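Report on the following structure.
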Amino acid sequence: MTPSSSIASPGAAPAHDEHHDHHPNYLVDGTTIKSWLLTVDHKRIGLMFLFWVLLFFLVGGIFALLIRVELLTPGPTIMDAMTYNRTFTLHGLVMIFLFMIPAIPAVFGNFMLPLMLGAKDVAFPRLNLLSLYIYLAGAMLALWGMLNGGLDTGWTFYAPYSTHTTTTVAPVLFGAFIIGFSSIVTGINFIVTTHTMRAPGITWFKMPLFVWAIYATSCIQVLATPVIGLLLVLVTVENLFGFGMFDPARGGDPVLFQHLFWFYSHPAVYIMVLPAFGVMSEVVAAFSRKNIFGYRAVAYSSLGIAFVGFFAWGHHMFVSGQSTFVGGLFGVLTMLVGVFTAIKVFNWVGTVYKGAVDFKTPFAYFCGFLFFTVFGGMTGIALGTVSLDVPWHDTYFVVAHFHFIMVGATIMAFLAALHYWFPKMFGRTYHEGWGLVSAALIILGFNATFIPQFLVGNNGMPRRYYEYPERFQALNVASTAGASLLAFGFVIIAMYLTYALLYGRASGKNPWRSKGYEWLTESPPPTHNFVGPQPTYPEEPHFYVDPKKAEVPDAV
Amino acid sequence: MQSSVSTADGTVAPVPRLAMHFASLEVQNHAARLGMWLFLATEILLFAGLFVCYGVYRFLFPEAWAASSRSLDLTMGTVNTIVLITSSLTAALAVHYAKEGKNKMVVVQIALTLLMAVGFLVIKYFEYSHKFHVGTLPGRFYFYEGIQLPGAPMYFTVYFCSTALHGLHVIIGMIVLTFAMVRAWRKADFGPNNYTMVELGSMYWHLVDLVWIFLFPMLYLV
Ligand code: HEM
Ligand SMILES: [Cu+2]
Chain E
162 MTPSSSIASP GAAPAHDEHH DHHPNYLVDG TTIKSWLLTV DHKRIGLMFL
212 FWVLLFFLVG GIFALLIRVE LLTPGPTIMD AMTYNRTFTL HGLVMIFLFM
262 IPAIPAVFGN FMLPLMLGAK DVAFPRLNLL SLYIYLAGAM LALWGMLNGG
312 LDTGWTFYAP YSTHTTTTVA PVLFGAFIIG FSSIVTGINF IVTTHTMRAP
362 GITWFKMPLF VWAIYATSCI QVLATPVIGL LLVLVTVENL FGFGMFDPAR
412 GGDPVLFQHL FWFYSHPAVY IMVLPAFGVM SEVVAAFSRK NIFGYRAVAY
462 SSLGIAFVGF FAWGHHMFVS GQSTFVGGLF GVLTMLVGVF TAIKVFNWVG
512 TVYKGAVDFK TPFAYFCGFL FFTVFGGMTG IALGTVSLDV PWHDTYFVVA
562 HFHFIMVGAT IMAFLAALHY WFPKMFGRTY HEGWGLVSAA LIILGFNATF
612 IPQFLVGNNG MPRRYYEYPE RFQALNVAST AGASLLAFGF VIIAMYLTYA
662 LLYGRASGKN PWRSKGYEWL TESPPPTHNF VGPQPTYPEE PHFYVDPKKA
712 EVPDAV
Chain G
4 MQSSVSTADG TVAPVPRLAM HFASLEVQNH AARLGMWLFL ATEILLFAGL
54 FVCYGVYRFL FPEAWAASSR SLDLTMGTVN TIVLITSSLT AALAVHYAKE
104 GKNKMVVVQI ALTLLMAVGF LVIKYFEYSH KFHVGTLPGR FYFYEGIQLP
154 GAPMYFTVYF CSTALHGLHV IIGMIVLTFA MVRAWRKADF GPNNYTMVEL
204 GSMYWHLVDL VWIFLFPMLY LV
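Chains as they are written, first to last, in the working numbering: chain E, 162 to 717; chain G, 4 to 225.
Next comes the structure, spelled out in structure tokens:
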């Protein structure tokens with residue numbers, strides 16, 4: 162089932178005809194280092210992002226384990242208090258800005274979006290490469306600052322502490338500012354690509370749901386990032402020169418800092434989690450072998466989340482002295498996010514219902530994802546209630562909540578995407594048994610890490626504390642044990658995926674017999690994504706339901 | 004694949020290269036323009052953060068802000084506003100001539116724009132140096148005797164942050180326009196099908212102008 166051909170642009174055709182007979186896949190088309198570093202191919206850029214994102218995940222993960230080891234005993238265990246502050250700051254910063262935010266959009270968005278739209282590349286390929294290098298430049302600057310002096314503010318940089326601390330604030334904040342720029346550039350590129358590069362036949366409501374999710378994410382990135390960019394610059398300037406913008410001693414207002422910070426950082430949560438929702442919509446359809454239930458509802462709810470996400474930031478400031486009325490208002494607006502998320506959850510469950518479920522590794526991650534999203538989401542609703550948030554605020558309950566919803570959901574989706582699209586990206590298959598085993602380990606480990614944190618937080622243990630009373634120890638040990646299990650799961654994944662990369666069986670074009678648009682071309686795809694002219698896609702995405710349509714023929 | 008078309012003043016302008024991943028020139032230009040619009044939106048949001056700071060502190064320190072605002076040099080501000088608005092006009096004319104393929108006129112118009120941009124910065128320089136002199140400076144650098152109200156240093160924090168950020172944008176805009184000017188001069192390749200570069204540069208310049216049109220009444224008038 163090759164895509165039926167259609168209008169080719171007269172201008173584009175000749176450039177393409179040069180290599181007409183052999184169509185090397187993008188991995189082997191050019192093997193010099195330079196052909197990788199200076200590539201404008203969105204697929205190669207996606208892979209390079211994958212490399213860096215995984216590396217930073219490793220760095221953040223090591224620091225997470227250090228935190229957990231430190232918290233094994235009530236008193237000092239392996240480090241002093243200042244080192245601890247720097248450790249959790251580095252962990253949070255690296256995980257948020259270097260891993261979670263770019264993870265799915267920059268890797269899988271880059272790789273899949275043009276394929277799913279039948280485009281030969283993103284709209285601005287060179288800008289796309291630039292965004293990789295901006296990201297790396299910002300990352301290097303921030304890490305350099307972290308290692309030369311370190312930062313002890315936590316990833317939230319709360320003023321006025323951050324404007325006074327003598328640790329290295331400026332390079333880290335400026336690094337984060339630069340990374341934000343990369344995020345904006347990627348967002349603009351994806352929005353323009355979605356608007357202008359859809360192949361004939363792909364109307365807005367024939368776009369795969371992953372594209373919808375990336376599109377909504379990009380809108381948030383473009384609208385929210387500039388505000389934090391400005392804020393980071395102001396704090397840097399203030400820390401260096403003492404301008405007093407957020408310093409109460411000079412008439413500044415630290416709560417204004419919090420408003421501006423959360424105006425970005427709350428939507429940023431959806432920058433991390435919306436792409437995850439998109440991945441899951443693809444996976445759930447593919448492995449239930451059913452068309453997605455309520456396609457339009459799922460698509461619109463992404464936009465809905467993106468929209469209301471901008472009006473919920475005040476729930477981070479229930480205890481900052483804002484009026485009860487404002488608190489209540491933000492509480493209600495927060496619940497609205499829950500409503501849109503629930504729409505998605507019900508549609509996913511509706512898709513699985515009476516589907517012919519094919520329980521492969523990505524589907525295992527879907528199950529974990531559903532649990533983390535529902536559980537994390539419910540605790541979010543609870544936290545959105547002012548009266549409940551007051552005792553829970555800044556305790557481990559909050560840490561557990563945001564790890565469940567952001568980290569849990571996003572990691573599940575990241576791993577599901579990695580396993581689902583691995584054959585597409587590399588043309589090889591991995592060992593299914595190991596996939597399921599490690600999925601089980603990771604889901605278990607994650608629960609074992611963070612459920613004790615809910616409990617210990619509910620009992621009153623504050624976050625970001627280096628020492629704690631005796632009575633919290635049992636739960637902390639449990640949490641550390643869970644973290645080790647989690648880490649073990651990741652090691653196994655790294656092993657069998659590396660093995661698959663080198664020695665895995667050839668996967669064939671479409672090993673899952675998926676109806677996703679990206680599977681219509683070869684695996685791995687040729688350099689310009691398709692052989693011949695731009696394809697047309699007559700069907701809807703996730704079109705599993707029409708019995709008259711034959712199965713995809715060349716599955717393994 | 005480069006063909007050519009003749010333009011109004013008789014020169015022959017080459018048609019721009021169509022990148023292989025676009026379906027047509029029209030789509031390619033549409034994409035460029037859409038990208039630029041989105042980028043400009045992010046720029047406005049960047050300044051919006053400062054506007055929020057302005058609003059909050061103005062609300063907190065009404066007298067100090069009124070007094071500080073009066074201490075600015077209204078004449079210089081007004082002249083600068085006029086200079087900038089005029090430069091927006093010449094930037095727009097550059098696009099007009101680029102569409103007609105009159106590359107020489109493009110060079111002239113952009114040169115005029117750049118000249119006015121320099122003028123703007125020179126006036127700004129005089130304003131700044133006056134402030135450095137009398138001590139109307141941000142935060143801990145404030146030593147002006149004239150206004151002793153709490154919140155006055157905050158006004159100048161906002162003043163310097165926003166005008167400096169705007170000034171930075173003026174300089175970036177000048178660099179962008181210079182690129183377009185050199186293109187028009189050296190290659191003379193703007194024409195009916197190929198004026199996106201001038202258009203985008205001038206859009207950016209309009210943004211710089213627009214931000215100033217907000218900053219001027221905010222800082223000098225109200
Ligand atoms: C590998 C498993 C992980 C473990 C065991 C872990 C552990 C922890 C712990 C114990 C804290 C609390 C530090 C404190 O407040 O004293 C924390 C904070 C945090 N973690 Fe994780 N984490 C893990 C993965 C991640 C990931 C993938 C992210 C990505 C977003 C993440 C983001 C954060 C953030 C944003 C904070 C808040 C930092 C702060 O309060 O300044 N974590 N983590
Ligand atoms: Cu929030």
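Quick reminder that beta carbons are idealized off the backbone N, C-alpha and C, glycines included.
None of these values were measured; they are calculated from a predicted model.
Quiz item: How would you label Gly545(E), buried or exposed, when you count the other beta carbons within 10 angstroms and need 16 or more for buried?
Solution: Result: buried.
Practice problem: Evaluate the contact criterion for the stretch 223–233 of chain E versus the stretch 309–325 of chain E: three or more CB pairs, one atom per stretch, below 8 Å. | Solution: Look at the beta carbons and you see the stretch 223–233 of chain E not touching the stretch 309–325 of chain E: under three pairs across the two are nearer than 8 Å.
Quiz item: Who are the Cβ neighbours of Ala22(G) in its own chain at under 8 Å, not counting the five residues just before and after it?
Solution: The residues Gln31, in chain order, have a CB closer than 8 Å to that of Ala22(G) in the same chain once the five nearest residues on each side in sequence are set aside.
Quiz item: CB Trp509(E) to CB Val445(E), shorter than 9 Å?
Solution: In contact: Trp509(E) and Val445(E) (Cβ atoms closer than 9 Å).
Quiz item: Is it the case that the CB of Ala473(E) approaches a heavy atom of ligand 2 more closely than 8 Å?
Solution: Inclusion of Ala473(E) in the 8 Å shell around ligand 2 follows from its C-beta lying nearer than that to a non-hydrogen atom of the ligand.
Quiz item: If we call anything under 9 Å between Cβ atoms a contact, is Phe704(E) one with Asn400(E)?
Solution: Cβ distance not < 9 Å, so Phe704(E) and Asn400(E) don't count as in contact.
Practice problem: With Tyr245(E) as the anchor, note down where its alpha helix (DSSP H) starts and where it stops. | Solution: In the DSSP assignment, Tyr245(E) falls within the alpha helix (DSSP H) that extends over 242–254.
Self-check item: chain E contacts from the stretch 24–38 of chain G (Cβ-Cβ distance under 9 Å)
Solution: So the close ones are His24, Phe25, Ala26, Ser27, Leu28, Val30, Gln31, His33, Ala34, Ala35, Leu37, Gly38.
Quiz prompt | Partner residues on chain E for Pro156(G), Cβ-Cβ distance less than 8 Å | solution = By Cβ distance, chain E contributes Gly405, Arg411, Gly412.
Quiz item: Quick one: what's Thr556(E) bridged to in DSSP?
Solution: Thr556(E) pairs with Pro623(E).
Practice problem: Output, in chain order, the set of chain E residues within a Cβ distance shorter than 7 Å of Phe42(G). | Solution: Chain E residues near Phe42(G): Ile349.
Practice problem: Give the C-beta separation of Trp718(E) and Thr250(E) to the nearest angstrom, bearing in mind that I take them to be a contact with Cβ-Cβ under 8 Å. | Solution: No answer is possible for residue 718(E): the residues shown for chain E start at 162 and end at 717.
Exercise. Could you tell me which chain G residues have their CB closer than 9 Å to the CB of Val388(E), listed as they occur along the chain?
Key: Taking the beta carbon of Val388(E) as reference, the chain G residues within 9 Å of it are Leu48, Leu49, Ala51, Gly52, Val55, listed in sequence order.
Quiz item: What does a CB cutoff of less than 8 Å around Met119(G) pick up in its chain, not counting 5 residues either side in sequence?
Solution: Non-local beta-carbon contacts of Met119(G) in its own chain, meaning distances under 8 Å to residues more than five positions away in sequence, involve Val86, Leu87, Thr89, Ser90, Thr93 in chain order.
Quiz prompt | C-alpha distance - Ile653(E) paired with Phe479(E), whole-angstrom precision | solution = Pairing Ile653(E) with Phe479(E), the inter-Cα distance amounts to about 42 Å.
Quiz item: To which residues of the same chain is Met433(E) closer than 7 Å at the C-beta, ignoring the five residues directly before and after it?
Solution: Exclusion of the five residues before and after Met433(E) leaves Met261, Ile262, Met567, Thr571 as the residues of its chain whose Cβ lies within less than 7 Å of its Cβ.
Exercise. Taking only heavy atoms of ligand 2 into account, decide whether any of them is closer than 8 Å to the Cβ of Ser426(E).
Key: Yes, the Cβ of Ser426(E) comes within 8 Å of a heavy atom of ligand 2.
Self-check item: Boundaries (first-last residue) of the alpha helix (DSSP H) holding Phe649(E)
Solution: Here the alpha helix (DSSP H) through Phe649(E) covers 634–664.
Self-check item: Amino acids of chain G, ordered along the chain, whose beta-carbon sits closer than 8 Å to that of Gln419(E)
Solution: Simply none; closest approach about 12 Å.
Quiz item: Between Tyr626(E), Phe371(E), Phe335(E), His203(E), which lies nearest to Asp241(E) when the distance is taken from Cα to Cα?
Solution: Taking only the C-alpha atoms, the option nearest Asp241(E) is Tyr626(E).
Practice problem: Whole angstroms is fine: what's the gap from Thr192(E)'s alpha carbon to Asn186(E)'s? | Solution: It is roughly 11 Å from the alpha-carbon of Thr192(E) to the alpha-carbon of Asn186(E).
Quiz item: Any beta-carbon of chain E closer than 9 Å to the one on Val59(G)?
Solution: Proximity of Val59(G) to chain E, defined by a Cβ-Cβ separation below 9 Å, is satisfied.
Quiz item: CB-CB under 6 Å to Asn83(G), same chain, minus the five flanking residues each way: which ones, in chain order?
Solution: Excluding residues within five positions, the ones whose Cβ falls inside 6 Å are Phe123, Ile126.
Quiz prompt | Per DSSP, the bridge partner or partners of Arg61(G) | solution = DSSP output for Arg61(G) lists no bridge partner at all.
Practice problem: Return helix, strand or coil for Pro687(E), following the three-state DSSP convention. | Solution: Pro687(E) sits in a strand when the DSSP states are folded into three classes.
Practice problem: With a threshold of 8 Å, establish whether the CB of His564(E) neighbours any heavy atom of ligand 2. | Solution: Flag unset: Cβ of His564(E) not near ligand 2.
Quiz item: If we cut at 9 Å on Cβ distances, does Lys281(E) have a partner in chain G?
Solution: So yes, Lys281(E) belongs to the interface.
Quiz item: Where does Arg457(E) sit, in a helix, a strand or coil, going by DSSP?
Solution: DSSP, read as helix, strand or coil, puts Arg457(E) in helix.
Practice problem: Give the secondary structure of Asn32(G) by DSSP, where H, G and I count as helix, E and B as strand, and everything else as coil. | Solution: DSSP places Asn32(G) in helix when its eight states are reduced to three.
Self-check item: Short CB-CB distance (under 9 Å) between Phe163(G) and chain E
Solution: Judged by the 9 Å Cβ criterion, Phe163(G) is in contact with chain E.
Quiz prompt | Which listed residue (Tyr296(E), Phe533(E), Gly348(E)) has its alpha carbon closest to that of Gly270(E) | solution = It is Gly348(E) whose Cα lies nearest to the Cα of Gly270(E).
Practice problem: In angstroms with no decimal places, state the Cα-to-Cα distance between Ala377(E) and Phe351(E). | Solution: Near 10 Å, if we compare the C-alpha coordinates of Phe351(E) and Ala377(E).
Quiz item: Do Ile389(E) and Tyr431(E) have their CB atoms nearer than 9 Å?
Solution: No, Cβ-Cβ distance for Ile389(E) and Tyr431(E) is not below 9 Å.
Practice problem: Using only alpha-carbon positions, find the residue among Gly482(E), Tyr698(E), Thr534(E) that is nearest to Val500(E). | Solution: Here the closest residue by C-alpha is Thr534(E).
Quiz item: Beta carbon of Tyr230(G), beta carbon of Leu224(G): below 9 Å?
Solution: As displayed, chain G neither begins before 4 nor continues past 225, which places residue 230(G) out of reach and without an answer.
Quiz prompt | chain G contact for Gln695(E) (CB, 9 Å cutoff) | solution = Look at Gln695(E): its C-beta is under 9 Å from a C-beta on chain G.
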